[in-house]
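Reading through the structure tokens given below for one structure.
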Amino acid sequence: MIDTHCHFDFEPFSVGTDVWAQRTLSAGVKHIIVPAVSKENWSRVESLASTYAFVSFAVGLHPVWLGDHNEDDLATLDAYLATKPVHCVAVGECGLDFAIQDAQPEKQIALLKAQLSLAVK
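Residue numbers for the sequence shown follow this note's numbering, so the first one is -7 and each next one is one higher.
What follows is the structure, given as structure tokens:
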């Protein structure tokens, strides 16, 4: 079994990470992909993948944090991806989330399109 969307980098897992890792493996999960939601946690997901052989990661800019992202973040993401980080398997977490307050659909769509272009590179 592969978990393609596990926020192993979020706060509840920051204490006792080794225990959570063992529980994951004991439950029959063979591999997980940890998607970063903003540039602030790209290094955390990369570190998890470097520490645990069963972890890969993705880096992206999730629309829930649209207000925290800035125009430079896409260039930073492009530069980061250009370094070809080991264990990085995708661009994400990205997408559209219109359930959030002040959803700003036009900005979300532009951000998603830009990240899709980076993923194709």
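The beta-carbon is built from N, C-alpha and C at its ideal position, and this holds for glycine as well. Because the structure is a prediction, the values reported are computed rather than measured.
For Asp70 and Asp(-5), I'd like the C-alpha separation in whole angstroms. Rounded to the nearest angstrom, the two C-alpha atoms are 26 angstroms apart.
Which whole-angstrom value describes the C-beta separation of Ser42 and Val81, a residue pair presumed to lie in contact below a C-beta threshold of 8 angstroms? Ser42 to Val81, Cβ: 14 angstroms. No contact.
Between Asn62 and Lys99, what straight-line distance do the alpha-carbon atoms span, to the nearest angstrom? Separation of Asn62 and Lys99 (C-alpha to C-alpha, rounded to the nearest whole angstrom) is 11 angstroms.
8 angstroms Cβ shell around Leu88 - same chain, five flanking residues per side excluded: Pro55, Pro97, Gln100, Ile101 and Leu104
As a quick exercise: from Phe90, Leu73, Thr75 and Cys(-2), pick the residue whose alpha carbon is nearest that of Ile24. Cys(-2)
Bridge partners - Leu27, DSSP secondary structure assignment: For the record, residue 27 in the displayed sequence is Pro; it is not Leu. For Pro27, which the question treats as bridged, DSSP gives the partners Ala50.
Is the CB-CB distance between Leu110 and Leu73 below 8 angstroms? In this structure, Leu73 lies closer than 8 angstroms to Leu110 by Cβ.
For Ala74, does the three-state DSSP call read helix, strand or coil? helix
Cβ shell of Phe5 (< 6 angstroms), same chain only, five flanking positions each side left out: Trp12
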